[in-house]
Amino acid sequence: MQAGIRAMVWIGAISSVIAAALGLLLVNQDDYGGSTVTIHQWLGLVTMVLAIGTVLALRSGRLELYRGLLIVTVVGVSLAGHYGVMLTHGDDYLSSVLPVGKGGSSNPVSGNSQFVFASATTGQPLTDKQIGDLNLEVRSILAHNCYSCHSATKTKGELRLDKKEFIMKGGEDGEILVAGHPEKSDIIRRIKLPAGNDDAMPTKGKRLSDHDIALLEFWIQQGAPWPNGAEKSIYRVADLEPRMPALPDAPAGITNPIDRFVNVYFQQHKLAWKNVVDNRTYMRRVYLDVVGLLPSPEKLKAFEADPRPDKRELLVKELLGRNVDYAQHWLTFWNDALRNDYTGTGYITGGRFDITNWLYTSLKTNKPYNQFVRELVSPTKQSAGFIKGIKWRGTINSSQRTEMQAAQNVSQVLLGLNLKCASCHDSFISDWKLADAYAFANIFADTTLEINRCDKPTGKLAGTRIIFEKLGTINGKATTNERLKELANFLVQPKDGRLYRTVVNRIWAQVMGRGIIEPVDMMDNEPWSQDLLDWLASDFATNGYDIKKLMFTILTSRTYQLPSVGLKDADLITSPNFVFQGMVRRRLTAEQFADAVSLAFSPIYVDTSIVEKQFPKQLKEEMPFPRASLVKNDPFLTALGRPNRETVSTSRSSQANLLQALELTNGEKFNDALKRGAQQWKATYPTPDALVKNLYWKALGRGPKPNELVIAQKIVGKNPTTEGIQDLVWAISLHPEFQLIY
Amino acid sequence: MKTYWNRREFLQKTSAATMAAFAAGAPMSSLLSSCSPSKKPGQTNGTADTVILLWMAGGMAHTETFDPKRYTPFVKGMEGNRVLSTFKSVPTVLDGIHFSEGLESIGKVMDKGTLIRSYVAADMGHILHSRHQYHWHTCYEPPQTVAAPHLGSWIAKELGPKNPVIPAFVDIGQRFTVGEAEELKAFHTAGFLGNEFGPFFIPDPSQGLESVRPPVGMDAKRFERRNQLYNDLISSGPMGEFGSDYQKESLKRSMEQAYMLLNSPEAKAFDLSQEPKASYDIYNTGKFGLGCLLARRLTEQGARFISVTTEYEPFKGWDTHENGHTRLEDMKKQIDGPIAQLIKDLDKTGHLDRTIVILASEFSRDMMVEGRPGAKVLEQVNQPDILSDLKFYGMHRHFTDGCSILMFGGGIKKGFVYGKTADERPCKTIENPVHIDGIHQTIYHALGIPPDTHYEVEKRPFYSTPDGLGKPVMDLLI
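This is the structure:
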């Protein structure tokens, strides 16, 4: 018991020091303000001193002092705790009901604070543009700090701050602002009150910054201007129109347009051009990116020896010309994106249709992308599966009705736009409204949709409108087929820059490991080079919407040929602070890995694994071997990252994990293939030397280094055994050098 | 995808990091470990560390199991409407609480757990088992715009494995080669949380060892040699020049983990042949019973979340479209002994104190009502009003308005009954209705996972229960 008490007192003292340190850290990091935080801070520090005193008293055996100090410390802990909770949970935490409700709500992300008070000091009347900017800033502050309690979803005190008329109207206590008189405006009085005051706003601890308060005051002083009509968004919105930037000048040797833009980017970021990668690395890269396969040792050696200066261009041309191999590789990417699979939910009750045959043929013939989109949106029977969605038996949440799925998927995949929020309620992360989403969905509907908010009918009927009205007006009275034809034609117009930016960004991300914009489904985000993105999209549109041509331009650029870059953390890929320096290293996809093992060593799949029925008849004759993109999903592919294609999926994780490692370590499929292969290799290569060298060349595209040869020969034995071969192949196929596109 | 960290979470994570530092032998460790009764590794802030879900796949009729009503024996030509239960009631250890005949053993351990008689399944129209199962396991109705994670994946993500060499989410007994397989796959997934937190499948518990031992035909020595070879090749290859990147690092780390698991003494837990015969025999009522045994053995070694299912296959198991009475005799034989033994064994070793065992099903069944009273849906079962044959004697329609759930251990009340259904048809919930988000939140609460846990997916918050509105049913907790 005594020892226990002693330990607890020690722990208490140590904890108090840690708590105080953390608290000080947080108060500087976060925008806490007001008297509560000051009280909490000093009480905390005093408590810490008391706790240390208590320990010292106990150690020196002065029991009277120890008891006294202990009691005072306990009081200190309680008081500091009370004020601490007031900070984090609001001062009404005791009276509010448990358990605590919503967690950190998502803050809409506004652009950087662009508005400067230039005009505040000059005394000049504001220009229209300045008024627009000022209003934008004000709405951004309100959105970040006030919407969580004062908007359409939650309207405390009958006050809404998300629209002009509501702000001007005020709440249950009357008007909140007097135009021209910040000092008479209740909103200003309240945001200036110290935290803890009954009237202070916002109620939950965090205070507005001085800058924000000053800006709101200035805005009211200016008469609280709120221009009618088109209001500027508080969210970043990308331009819809295409833009063809002029090619920048470039030093000698830099001719590819991509390189000229990247050269400007490098100059801005004080980066120097590095030497391009060697022939072997380049060949492996383009093979995997264009046809998804490893180059054979013969091809590698011939390429090395080829003296032609333009051999890299010729290689890319040759690979892009391999229509079947190209289609069988890119099928995987498009299956993910278009949510197309050979098995999956919905088929069982006739609630889903696959588009495999159409997709495969489209890729094989390199269908121009405008036509590709047209056929997806205004489909034939063969391509209808994309907009038909997945229908489960029973009643469906209205935000998931198939017409809404079509609206969401067309927006996400083709336009890089997230309509998922707005299909349930007005979005909190963009300006899209429920009515916009319904109007878009209505284009796909046979009967006019009733608008549902959060799955509750509103009694209002949806309009019929394309999400970007500038693209054209849909005839609401036309039949569904006619409407879809209109929509398709509007979407693929050259002036729909967004459609083409989205696709070139996706292709770029596939071969570069990271998009010019990330995430690739959020095309309103800022690109690391607007000029490059715009040029690629415009060039794509003016050159026949030809994906292969786009790939040629990218793959032959010096930019693509730069040494690859590694990232320490997967999250860095989507970081807004990303600086482009070259291709980001990627892991082979499940399909690339299976194909690489199949080709370099022994087939993972057999002919009968192929989903023949859904493909064109000649599939079996034209496939080089049973490729993984042509089989049903299985535990092996799932473990390696092939998604279940129930929802759109436009990027795959490159990160390894335990379940995957287990599948590769003792999974039946993989081990069986290795065993079969080992038996064959044993018969083909009787000496360890020939065997190891061949394996290295086929798998890694190089001969083994002397020390590697020693290790490998030891494992396969003087007379190679099946076990030894199997184990060596296993180790090599899990080697990062095999697993990565570098 | 990014998580929000409030200060509470920050402290949690840092204290976990501190624990890790201590474990790694940081200098302060000797000071604290000698005097503080600190948490054991893997222990949560809640009252439970482990969850075992016993899944009664296919729709378990409450009136034939844990909430029996008036018994009417079969007579040829009888009116179906007169039949509420096709079994007699038997007493349980709890005063005044009866179970349906055939569940006597579970009845005897009810002093260790809670019986919920008022679970109300979602109203999703025309019944599809896999859709209700999806809803039960993820708390979201399919389809969804974002791939919703399984309950086990949320737990795996928030708490990680309890013992690093036992996968955090183990799924026992479900094959994916049967009908509705694709629909089943759709919720046996970590969804947007990522494959790492997905289920580790053991479709056949008697083959559990297969999944955690070196490949067939490879002895321990060769397995070790192969692993050594792998490490030697990595250190001798030229990849070093690439520096470190996350793909490479995560690959090396995962391979080490896999090797550790396959080589660890804990892997023996997967081997049911190690179980003493007497005990093995009690559990061995079939695949489900052995699944319970495997779950117990894994719990003892530090599992985090285990699901054991009677296995869903259309028109099999609990999915009785005819011969309901006869079929249930068999189902009860499969579950009664093993479940009771599981509770007793976990209790005896003290594991029950920090392990929640929960038994549930996607919905209940009734002889007459399809769906629920007032919201009847398209009938799927050809059930005549007059029972001309024994095969019509049973609960063959799908009923969503009153289902039973059992919960034991890990901070759940003992000897407690919650909720009530009507004693006459429709035998629907009339007191304390419980919904799926409440069940999930009760489990999360016991595990110390905050109710507002959420991640940002495509800039939208995705909560562990829809809109973060689920609340734990505090009445169920001690």
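One line per chain: the protein sequences are A and B, in this order.
All residue numbers for the first sequence refer to my numbering, where the first residue is 559 and numbers rise by one.
All residue numbers for the second sequence refer to my numbering, where the first residue is 188 and numbers rise by one.
Ideal placement from N, C-alpha and C gives every residue a C-beta, glycine not left out.
(message) Do TYR1058 of chain A and PHE1098 of chain A count as a contact pair if the criterion is CB distance below 7 Å?
(response) yes
(request) Return the first residue and the last residue of the beta strand (DSSP E) that PRO300 of chain B is part of. (result) Per the sequence shown, the amino acid found at residue 300 of chain B is Gly instead of Pro. Where GLY300 of chain B is concerned, the enclosing beta strand (DSSP E) stretches over 300-306.
(request) Can you say whether TRP1066 of chain A is buried or exposed, counting buried as having 16 or more other CB atoms within 10 angstroms of its CB? (result) buried
(request) Output, in chain order, the set of chain A residues within a Cβ distance shorter than 9 Å of ARG409 of chain B. (result) GLU1281, ASP1285
(message) Within 7 Å of any Cβ in chain B, is that where the Cβ of THR953 of chain A sits?
(response) yes
(message) Extract the residue ranges of the alpha helix (DSSP H) inside the segment 961-1047 of chain A, only unbroken runs of 4 or more that lie entirely within it.
(response) 992-1000
(message) Please list the terminal residues of the continuous alpha helix (DSSP H) segment that includes TYR417 of chain B.
(response) 407-423
(request) Could you work out which residue in B:ALA308, B:ASN510, B:PRO228, B:THR497 is closest to THR616 of chain B when comparing CA atoms only? (result) B:ALA308
(message) Any beta carbon from chain A within less than 7 Å of TYR433 of chain B's own beta carbon?
(response) yes
(request) Tell me, please, whether the CB atom of GLY1073 of chain A is closer than 7 Å to any CB atom in chain B? (result) no
(message) Using beta carbons (cut-off 7 Å, strictly below), is LEU315 of chain B in contact with chain A?
(response) yes
(request) Going by DSSP, name the residue or residues bridged to ALA562 of chain B. (result) B:ARG559
(message) Output needed for CYS1012 of chain A: all residues of its chain with C-beta closer than 7 Å, excluding positions within five of it in sequence on either side, in chain order.
(response) CYS982, HIS983
(request) Could you check the C-alpha separation between HIS1293 of chain A and PRO806 of chain A for me, to the nearest Å? (result) 42 Å
(request) Enumerate in chain order the residues of its own chain whose CB-to-CB distance from ARG400 of chain B is below 7 Å, with the five nearest sequence positions on each side excluded. (result) LEU449, ALA454
(message) Out of B:SER317, B:ILE389, B:VAL403, which one is the CA nearest neighbour of GLN361 of chain B?
(response) B:ILE389
(message) Using the three-state DSSP reduction, which class does PRO224 of chain B fall into: helix, strand or coil?
(response) The pLDDT assigned to PRO224 of chain B is 44, lower than 50, so where the model puts this residue is not dependable, and the model offers no usable value.
(message) Which residues in chain A have a C-beta closer than 9 Å to the C-beta of TYR446 of chain B? List them in chain order.
(response) ALA1219, THR1223
(message) If you reduce the DSSP assignment to three classes, tell me which class ARG1144 of chain A lands in.
(response) strand
(request) Return the CA-CA distance between THR629 of chain B and ASN1101 of chain A, expressed in angstroms with no decimal places. (result) 59 Å
(request) Spell out the partners DSSP gives ASP358 of chain B in its beta bridges. (result) B:PHE388, B:SER494
(message) Please tell me whether PRO740 of chain A and ILE771 of chain A are closer than 7 Å, where the distance is taken between their beta carbons.
(response) no
(request) Could you pull the start and end residues of the alpha helix (DSSP H) that SER340 of chain B belongs to? (result) 338-346
(message) Using beta carbons (cut-off 7 Å, strictly below), is SER1212 of chain A in contact with chain B?
(response) yes
(message) Rounded to whole angstroms, what is the Cα-Cα separation between GLY378 of chain B and HIS316 of chain B?
(response) 20 Å
(request) For PHE387 of chain B, go through chain A and note every residue whose CB falls closer than 9 Å to its CB, in chain order. (result) LEU1216, LEU1217, LEU1220
(message) Quick check on the DSSP output: the beta strand (DSSP E) that includes ALA547 of chain B runs from which residue to which?
(response) 542-547
(message) Using only the alpha-carbon positions, how far apart do LEU1304 of chain A and ALA615 of chain A sit?
(response) Here chain A comprises residues numbered 559 to 1300, so residue 1304 of chain A is not present and cannot be evaluated.
(request) Could you tell me whether the Cβ of TRP990 of chain A comes closer than 7 Å to any Cβ of chain B? (result) no
(message) By DSSP's criteria, CYS590 of chain B is part of a beta bridge. Which residues make up the other side?
(response) B:TYR306
(request) Note down, in chain order, every chain B residue with its Cβ under 9 Å from the Cβ of GLN958 of chain A. (result) GLU328, PRO329, PRO330, GLN331, THR332
(message) In whole angstroms, give me the CA-to-CA distance for ILE1025 of chain A and ALA997 of chain A.
(response) 8 Å
(request) Starting from PRO651 of chain B, find everything on chain A with Cβ-Cβ shorter than 9 Å and list it in chain order. (result) Looking at the sequence shown, residue 651 of chain B is not Pro but Ser. Those do not exist, as SER651 of chain B stays about 10 Å from chain A at its closest Cβ, beyond 9 Å.
(request) List the whole-angstrom C-beta distance separating ALA895 of chain A from VAL971 of chain A, where the pair is believed to meet the contact cut-off of C-beta under 8 Å. (result) 5 Å
(request) Would you mind sorting ALA701 of chain A into buried or exposed? The rule is 16 or more other CB atoms within 10 Å of its CB. (result) buried
(message) Applying the 10 Å Cβ sphere with the 16-neighbour rule, what's the burial state of GLN682 of chain A?
(response) exposed
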